[in-house]
Amino acid sequence: MADREFEFSVNKLILGDNLEILRSLDGESVDLIYLDPPFFSNRNYEVIWGDKGEVRSFEDRWAGGVSHYIEWLKERVVEMHRVLKPTGSIFLHCDWHANAYIRVFILDAVFGGNNFLNEIVWKRTSTHNDSKQGAKHFGRVTDSIFFYAKNIKQFQFYPQFERYTSDYVAASYHRADPDGRRFKASDLSAAKPGGDTRYEWKGMAPPAGRYWAYSKEHMEEFERQGRIFYSSKGRPYLKHYLDAMPGSSVDNLWNNCVYRNKGERIGYPTQKPEALLERIIKCASGEGDVVLDPFVGGGTTIAVADKLNRRWIGIDQSPMAVKVTEFRLQKQTDLFTAPYTVQLYKYDYDTLRYKDAFQFESWIVRQFGGTPNAKQRGDLGLDGRTGDNTPIQVKRSDNIGRNVIDNFLSAVQRHDKNLFEKNIAVKKPAGYIIAFSFGKGAIEEVSRLHTIDKIIIKLVKVEDIVPIAVKPSISVRIRELSQDGKGMRRIECIASGESPAGIEFYSWDFNYQPEKKKFKAQVLLDKEGKQIISLKPGMRHIAVKVVDNDGLENMEVVKLTVNGEVKSG
Ligand SMILES: C[S@@+](CC[C@H](N)C(=O)[O-])C[C@H]1O[C@@H](n2cnc3c(N)ncnc32)[C@H](O)[C@@H]1O
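Under the numbering used here, the letters of the sequence shown match residues 862 to 1430, in that order.
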């Protein structure tokens, strides 16, 4: 499913500085943006992954105090405003460090104060009440999330509801039908008349100076449905069943968007709970809409958007952030998950070399700045064309031989003879062949064609188009530590990776299913490459991935038989 670099699907994770990448996105192409940028708090807090890109970004935004930070963030928000559809909206997550500046100098300035909708006050899950440490102020336990529309007349909004508190239920829904269905009884009279609302109901007139709230016809329908409750004095009331109520409508104070379970935590400081992003994505987008997170971090927005069948774009300048997000997606994906691509700075040879041919052809033609052929067959072996329609052929192999040049030459002529002759006449390339490497025969034939026949055929190596790097190597050592009384074995797993770019982190799947080839990490982020686990006796596969500073990965699978007695059942 994760056609990493090739399939041109909307769903993509992109490594890089978000300003540059935002500028490459089409205008008015996104429905919802959630951003959680570094908070202008301090280095210890802001530098999460510690990799080069992040530290550089930290340096450049801190260079000149809050006004520099605001300028740094504003130029990015200006691009976000451009890529948002007129029906779109934005949620900017920040805290007390800079929220006032952000609202006035960025959001009001770029989106217009009239498009302000809410300052959502979110009570963080990890509330550290720093007043205990002698601070002379109240604990700062909330963040601000500013909610703006691109255009207040057009944006989409779906009210959200949350479960009633048990106190509210006990106070309001204390009545129940014989089958136990709880309900609250509401007044069936109204101050103002409305059509046929002055009549006797079961011999009872509406209270003095009031009218029935519904027509007789409606009342009879409620009666048929058993939705009228009669007080001891026989006064009718309308039943509202608890199980039919949406819950209480959410206001701007969010104090229960928390982690659902321990497993949701990836283990880095500024990760946000999925419940928070669920509410944001549900209130301002629909299925199929495009959700953008330009500071993706550990991938919470993307993980939730994917679960809610939104299309998505995630950007981060930290290879670790992009890879952790990719592994997080792999954990929750199944057959029906939409394909996505991961765009890194560098690519490893194997991943390119052994990829689906057609996807590789389309992708490399695009990276070359050309337009790939939409169809794979019946194209004379030509895979795309340049801006001026000069044919491009892609060979996903090494050591291309002379025969390829011969076939290409006849294909180019058959494809468009006029263009072929025109290119020769103006001494322009008649065509381009892209491959991993070219053999002597091919190189000699191309130079002969140029010297003798004045036909220019350009041979282009893949590494001249995209940076190729060698993926990291990895080795794993496993040793048994001890056995507990219940036959469980404590096992130590040590992985060590090597890469010229340096190692970022390791991820572990202790239940790897080789036949399924699905890596579903139980430990997503391990900086050390060491794990101690308790395993039942039996055979299993353990897979460990290593990721280097370029975001390139490699995987090692170990088949392990844990000795000892297997308790049946
Ligand atoms: C606070 S974290 C986001 C956490 C995320 N909301 C989550 O729940 O996992 C901010 C992220 O912004 C990234 N970042 C900082 N400056 C960036 C830039 N100029 N371009 C892209 N990403 C950047 C950092 O690498 C970090 O991963």
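Glycine included, every Cβ here is placed at the ideal spot set by N, Cα and C.
message = For C1354, report the span of its beta strand (DSSP E) as first-last.
response = Within the sequence shown, the letter at position 493 stands for residue 1354. R1350 to E1359 is the span of the beta strand (DSSP E), which, as asked, contains C1354.
task = Return helix, strand or coil for A1362, following the three-state DSSP convention.
result = In the sequence shown, the residue the question calls residue 1362 occupies position 501. Correct three-state label for A1362: coil.
query = Nearest to R1140 by CA position, among G1124, Y1019 and G1230, is which residue?
reply = Locating residue 1140 in the sequence shown gives position 279, where the first residue counts as 1. Nearest C-alpha to R1140: Y1019.
inquiry  = If contact is defined by three or more beta carbon pairs under 8 Å, each pair taking one atom from either stretch, is the stretch 1125–1132 in contact with the stretch 1092–1111?
reply    = no
message = Quick check on the DSSP output: the alpha helix (DSSP H) that includes P1180 runs from which residue to which?
response = As a working note, residue 1180 is residue 319 in the sequence shown. It spans P1180 to Q1193 - the alpha helix (DSSP H) in which P1180 sits, taken as one unbroken run.
query = Who does I1089 pair with in a DSSP beta bridge?
reply = One-based indexing of the sequence shown puts residue 1089 at position 228. Beta-bridge pairing links I1089 to L1099.
ask   = Which residue or residues does DSSP assign as beta-bridge partners of C955?
value = To locate residue 955, count along the sequence shown from 1; it is residue 94. C955 pairs with S1005.
request  = Please list, in chain order, all residues of the same chain as A1272 whose beta carbon is under 7 Å from its beta carbon, the five residues on each side excluded.
outcome  = Position 411 of the sequence shown holds residue 1272. Answer for A1272: L1241, G1242 and L1243, listed in chain order.
task = Apply the 10 Å Cβ neighbour rule to T1251 and answer buried if 16 or more other Cβ atoms are within range, or exposed otherwise.
result = Walking along the sequence shown from the start, residue 1251 turns up at place 390. By the neighbour-count rule (16 or more Cβ atoms within 10 Å), T1251 is buried.
key: Coil, strand or helix - R1172 by DSSP   = Along the sequence shown, read from residue 1 onward, the residue named residue 1172 stands at position 311. R1172 falls in the strand class under three-state DSSP.
message = Is Q1193 close to ligand 1? I mean its beta-carbon at under 7 Å from any heavy atom of the ligand.
response = Counting from 1 along the sequence shown, the entry for residue 1193 is found at position 332. Answer for Q1193: no, Cβ out of range of ligand 1.
message = Could you pull the DSSP bridge partners for I1253 from this structure?
response = Taking the first residue of the sequence shown as position 1, residue 1253 is located at position 392. Its beta-bridge partners are G1245 and Y1293.
Anticipated Cβ contact below 8 Å, T948 with F1016, distance rounded = Reading the sequence shown from its first residue, position 87 is the one you call residue 948. Reading the sequence shown from its first residue, position 155 is the one you call residue 1016. Sure, about 6 Å apart at Cβ, within 8 Å.
ask   = So, are the CB atoms of Y1293 and V1321 less than 8 Å apart?
value = Here residue 1293 corresponds to residue number 432 of the sequence shown, with the count starting at 1. Here residue 1321 corresponds to residue number 460 of the sequence shown, with the count starting at 1. Going by C-beta atoms, Y1293 is nearer than 8 Å to V1321.
request  = Taking K1133 as part of the beta strand (DSSP E), name the residues at either end of that continuous run.
outcome  = Translated into the one-based positions of the sequence shown, residue 1133 becomes position 272. Unbroken run through K1133: none, as it is neither H nor E.
request  = Give me whichever residues DSSP pairs with G856 in a beta bridge.
outcome  = Summary: the structure shown does not reach residue 856, with the chain confined to residues 862 through 1430, and so no result is reported for it.
request  = Look at the alpha carbon of V965 and the alpha carbon of V938, and state the distance between them as a whole number of angstroms.
outcome  = On the sequence shown, position 104 is the one that residue 965 refers to. On the sequence shown, position 77 is the one that residue 938 refers to. For V965 and V938, the distance between alpha carbons rounds to 13 Å.
message = With the cut-off set at 8 Å, would you say K1207 and P1328 are in Cβ contact?
response = The residue you call residue 1207 lines up with position 346 of the sequence shown. The residue you call residue 1328 lines up with position 467 of the sequence shown. In contact: K1207 and P1328 (Cβ atoms closer than 8 Å).
Near ligand 1: P1180 beta-carbon under 7 Å from a heavy atom = Along the sequence shown, one-based indexing puts residue 1180 at 319. Flag unset: Cβ of P1180 not near ligand 1.
When S1395, A1382 and M1400 are compared against K1406, the one with the closest alpha-carbon = In the sequence shown, the residue the question calls residue 1406 occupies position 545. Checked all of S1395, A1382 and M1400; the closest Cα to K1406 is A1382.
Supposed close pair E980, S950 - CB separation, criterion 8 Å = Within the sequence shown, residue 980 is the residue found at index 119, counting from 1. Within the sequence shown, residue 950 is the residue found at index 89, counting from 1. That pair is no contact at about 14 Å.
Residues that S1395 bridges to, as DSSP identifies them = Start at 1 with the first residue of the sequence shown, and residue 1395 comes out as number 534. R1351.
ask   = Should H954 go down as buried or exposed, given a rule of 16 or more other Cβ atoms within 10 Å for buried?
value = On the sequence shown, position 93 is the one that residue 954 refers to. Buried is the call here.
message = Between F1044 and chain D, is any beta-carbon pair separated by less than 8 Å?
response = Protein chains in the displayed structure number just one, and chain D is not present.
ask   = Counting Cβ pairs, one atom from each stretch, are 3 or more of them under 8 Å apart for the stretch 1141–1152 and the stretch 1334–1346?
value = no
query = The alpha helix (DSSP H) with Q1021 in it runs from where to where?
reply = As a first step, residue 1021 must be located in the sequence shown, where it is residue number 160. Here Q1021 belongs to no alpha helix (DSSP H), and DSSP marks it neither H nor E.
Residue environment, W957, which counts as buried when at least 16 other CB atoms sit within 10 Å = For the purposes of this step, residue 957 is identified with residue 96 of the sequence shown, where counting begins at 1. By the neighbour-count rule (16 or more Cβ atoms within 10 Å), W957 is not buried but exposed.
request  = In angstroms with no decimal places, state the Cα-to-Cα distance between W1369 and K1192.
outcome  = The sequence position of residue 1369 within the sequence shown is 508, counting from 1. The sequence position of residue 1192 within the sequence shown is 331, counting from 1. Straight-line Cα distance between these residues: approximately 11 Å.
ask   = Taking Cβ positions, are A1051 and R1071 nearer each other than 8 Å?
value = For the purposes of this step, residue 1051 is taken as the residue at position 190 of the sequence shown. For the purposes of this step, residue 1071 is taken as the residue at position 210 of the sequence shown. Yes, these two residues count as a Cβ contact at 8 Å.
inquiry  = Given the structure, does D969 come close to ligand 1, in the sense that its CB is under 7 Å from one of the ligand's heavy atoms?
reply    = Residue 969 sits at position 108 when you count from the first residue of the sequence shown. Not so, every heavy atom of ligand 1 lies at least 7 Å from the Cβ.
inquiry  = For a test of your reading of the model: does the CB of F1156 fall under 7 Å from any non-hydrogen atom of ligand 1? Yes or no.
reply    = As a first step, residue 1156 is located in the sequence shown; it is residue number 295 there, counting from the start. Yes, the beta carbon of F1156 sits closer than 7 Å to at least one heavy atom of ligand 1.
query = Run through DSSP, which three-state label would T1422 get?
reply = Taking the first residue of the sequence shown as position 1, residue 1422 is located at position 561. Here T1422 sits in strand by DSSP.
inquiry  = Quick check: L901 and V871, are their CB atoms within less than 8 Å of each other?
reply    = Looking up residue 901 in the sequence shown gives position 40. Looking up residue 871 in the sequence shown gives position 10. First, the residue type needs correcting, since residue 901 is Phe and not Leu in the sequence shown. Going by C-beta atoms, F901 is not nearer than 8 Å to V871.
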